[in-house]
Structure formats: C-alpha cells, structure tokens
Amino acid sequence: MGARRRRARPRPRVHPGSRAQHRARALHRGRRLRARDRRALAEASLEGARDHRPRHPLRRRPRLGRDDLRVPVVHRLGDRGRPVSTPAITQLLLGGRAAGTELRLISVPEATSTNDVLADIWERTGGEASQNPALSTLVTYAQTAGVGRHGREWISPRGKCLAASTLVRLADDEAAPRILGWLPLIAGLALRSAILELSPPAPGFRPDEHSGRVEIKWPNDVQIDGRKVAGILGRVLGTRDGELSCVVGTGVNITLQAEELPTPHATSLALAGMLPPHPAELLPAYLSEFVARLEALRETRGDAIASGAHGELSDVCSTLRARVAATLPSGEILHGFATELTPEGHLVIRGDDGETRSVAAGDVERVRPENGA
C-alpha cells in the first residue's frame, strides 16, 4: 500500500486586481502628500508655521539652497512677539543683500486696506523703530476696501490677488525727498521683474516679446499689453527720532476672471496668458527686487541716474514717447507728448502750446490718434 498523498494547504484567495489596486493606492497617496505639502507651504507663508520644510516646494529660486526654504514665523496682527531676524528669512526675502536685517511679516486673513492697517499699527505704537522695524510687511489674500490713486476702489477677492504693504524708514535728511519720490516707481520696477521671473512666456511669445508685454505706466501702474495688472500707492506716515516713515502698498491681480475685474481696462496674470505664480512665491520675489533698488538709491543718496533706476524706468515706461492727457491735482488737464523723465522721477510733457512742463503727480492717460494709427 502506497504512501498517502498529503493534501496541500489551500492558498488564500487573492483578488485579481489587488496588485493594481495597491499601485493605484500608492499613487493616490503620493498625490495626497504632494497636495498636503503644497497647502502647507501656502498656509505656512501666511499662517505662521515655524521652520516648515515642504518636501515638494512649489518652485525653488536658483540662488537659494534647501535650508533657505524655511518659512519664517509670521506675526499675526496684535502679536507682541519679536520681529523675525534669521539668516534663512533674510536670504529668502532679501537675497542675502542685508544679512541680519530685522524683518516682520504680519498676516491678516482679510483687511480693508493693507496700507491703512499698517499705518494704524505705526500710529498706535507711536512709530517706534523697535515696534515698527524697517521693511515690516503686511500681507493679505483678501482686501475689501483698498484705495488706489484719487480714492478709486481696489478690491482683492479672496485667494485671487496679492495685497501687501511695506514700511520704509529713511533718514530724515536732504536725500529723503529724492528717495521718497522714487519709491512707487522702484516698487513698480520690482514687481515687473518679479512677474517676469516667475511667469513663463505665454504660448506663441518669444522671451524678448514676453518682457516687452510688461510695462510701467507712469507713475504707479504695472501693465500687460496696455492693461493694468497691478497698482502701487505710497503714503507718508511721519517723522520720529530722525527717521521718515512711509508705506508702499501694492495690489496684484493674479487669477481674476474677466467678470471679476475692477475696471474694463484691467487684466490679471491668468487672463494675460501667463502662468500665474502663487502669492507666497510672488511676495518674496517682489520684496527682494524692491530692496535691491531701495539700497541702490540709499547708496547714491537718492541719485536715480547713478543707481540705475532712471535708465531702467525710461526703457520700460509705456507713457514715454506717447500723446497723453494729464489731469493735474489742480484739476487742469494738460494735453501733449510725454518726452522724458526728470532725475526726480517727474514726467516731462511738451504741451500742444509748445510749452514744456514737469509733472510731479497726476492721472496720465495715453490718447490714441483719431484715425486709429
């Protein structure tokens, strides 16, 4: 009699698609983790996470290392903590140009006007430098009652715009008025550079055509293809302890749709066909460019020609070499051709009567010829 055959143990049943399901779950988990890190980066930039290092940063600026991607502590409105002063945040926001500079970021989920809120903080603290360090920046994703030039309303729907204001402190000397007049102008130049750095060219545009689309409309607008994408407004706060304080505010339309635009002549980065950057990326890039130009003006004692600001603006200002109508603060309307910029940043207009006038402030619009040429 032969040996009894041993019955094999039954194998556990395996669903035919289990391996595929496992791979799908793994991929889905990876997507979830990447989405979580993107949310964490955006929230940390405004909500105050300490030294959060995302595993998948949205975009790394070439000159920064991984250690410089740490997000600074953000001081909420009313927080009495010390201002941030770390090599990482200085490198991130200032490009390493001013190591050791104190920098305070204030985040509010919603603000009537970032200029008004930052000015209110300055006034409530008496303008003390310890409470209001230079380059303190207030940022929000939703601005409900922003004000542009001549009291025009500038509203930022939640999550679709960037609204930020920066405190600038200047030594109250003979160079201060020269620097003060250029602050909105260099802010526009800084914002233009940041947009070009972070927004790739639209399909069908060469790099040189891409940069030519983004221009400065004197005195304080950034335009794409002749339509306003950002506005800048400065405000003098006052003098204390030998320093003149002022606020420079900017609002950028990032992902606004056509029906959300404040005026028919406005646009957004998305509508202009550019890849819109995240506001958390745009703010550091803008501040870095702004501080570079501000420091150049300080070093040259407000000489815009020596600092390079005058030449840069002359190259990218859409108002120059065009027929314009300038509404002056007195209510007078001046018609003529914008010919050049003065070293103080004023616009020189050759009037129809042949007289040349220098305009320091006003609402300037280009006038198209009647024949459409």
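All residue numbers for the sequence shown refer to my numbering, where the first residue is 1 and numbers rise by one.
In this text, a Cβ means the ideal position worked out from N, Cα and C, and glycines have one as well.
Since we're looking at a predicted model, the values are computed, not measured.
Cβ separation of residue i and residue j, assumed to be a contact under 8 angstroms, to the nearest whole Å
| i | j | result |
| --- | --- | --- |
| G222 | A230 | With the sequence shown as reference, residue 222 is identified as Val, and Gly is not the correct amino acid for it. V222 to A230, Cβ: 4 angstroms. Contact. |
| E289 | P157 | Their Cβ separation, rounded to whole angstroms, is 25 angstroms, which puts E289 and P157 out of contact at 8 angstroms. |
| A360 | H346 | 5 angstroms |
| I216 | G249 | That belief does not hold up - the Cβ atoms of I216 and G249 are roughly 16 angstroms apart, past 8 angstroms. |
| T125 | N132 | 6 angstroms |
| A190 | Y286 | 6 angstroms |
Assigned exposure category for residue i - 16 Cβ within 10 Å defines buried
| i | result |
| --- | --- |
| A44 | Note that A44 has pLDDT 43, beneath the 50 cutoff, so the model's placement of it is unreliable and no number is given. |
| G78 | Confidence at G78 is low in this model, with a pLDDT of 35, below 50, so its placement is unreliable and no value can be given for it. |
| S165 | buried |
| S330 | exposed |
| A99 | In this prediction, A99 has a pLDDT of 39, which is less than 50 and means its spatial position is unreliable; what the coordinates show is noted afterwards. Its Cβ having fewer than 16 others within 10 Å, A99 is exposed. |
| R59 | In this prediction, R59 has a pLDDT of 37, which is less than 50 and means its spatial position is unreliable; nothing more can be read from the coordinates. |
| R104 | buried |
| P62 | With a pLDDT of 38 at P62, under the threshold of 50, the modelled position of that residue is not reliable, and the figure given next carries that caveat. P62 is exposed by the Cβ-count criterion. |
| R206 | exposed |
| P203 | exposed |
| D353 | exposed |
| S136 | buried |
| P109 | exposed |
| T339 | exposed |
| S107 | buried |
| S130 | exposed |
| A258 | exposed |
| G311 | exposed |
| T140 | buried |
| I232 | buried |
| I121 | buried |
CB contact below 7 angstroms: residue i versus chain B
| i | result |
| --- | --- |
| T114 | Looking at the structure shown, chain B is missing, and only one protein chain is on hand. |
Closest residue to residue i among the options (Cα-Cα distance)
| i | options | result |
| --- | --- | --- |
| R382 | P343, L320 and G362 | Because the chain in this structure spans residues 1 to 373, residue 382 falls outside the shown range and cannot be described. |
| V367 | D352, V348 and H335 | H335 |
| A111 | E123, E128 and T144 | T144 |
| R357 | V364, E365 and V348 | V348 |
| E383 | K160, N220, I186 and G251 | As shown, the chain starts at 1 and ends at 373. That puts residue 383 outside it, with no answer to give. |
| G181 | W218, P264 and E355 | W218 |
| A280 | E174, L138, H265 and T267 | L138 |
| E355 | E128, F337 and G242 | F337 |
| G127 | R192, D241, R213 and I232 | D241 |
| R178 | S307, C317 and N253 | S307 |
| D225 | V291, V316, A129 and G251 | V316 |
| L313 | R192, V252 and T140 | R192 |
| S113 | G251, P201 and V291 | G251 |
| L269 | A309, V214, T263 and I232 | V214 |
| G273 | P262, N253 and I333 | N253 |
Within 7 angstroms, strictly: CB atoms of residue i and residue j
| i | j | result |
| --- | --- | --- |
| L341 | G362 | no |
| L244 | L196 | no |
| L162 | V247 | no |
| A194 | L282 | yes |
| S211 | L275 | no |
| T239 | D172 | yes |
| I186 | R298 | no |
| L167 | G234 | no |
| P277 | I305 | no |
| K160 | T267 | no |
| R301 | A175 | yes |
| H265 | R227 | yes |
Residue i - partner residues in DSSP beta bridges
| i | result |
| --- | --- |
| F337 | R323 and R350 |
| G251 | A163 and G231 |
| A266 | K228 |
| Q223 | E215 and K228 |
| R178 | DSSP output for R178 lists no bridge partner at all. |
| L170 | L244 |
| G238 | S245 |
| R357 | I349 |
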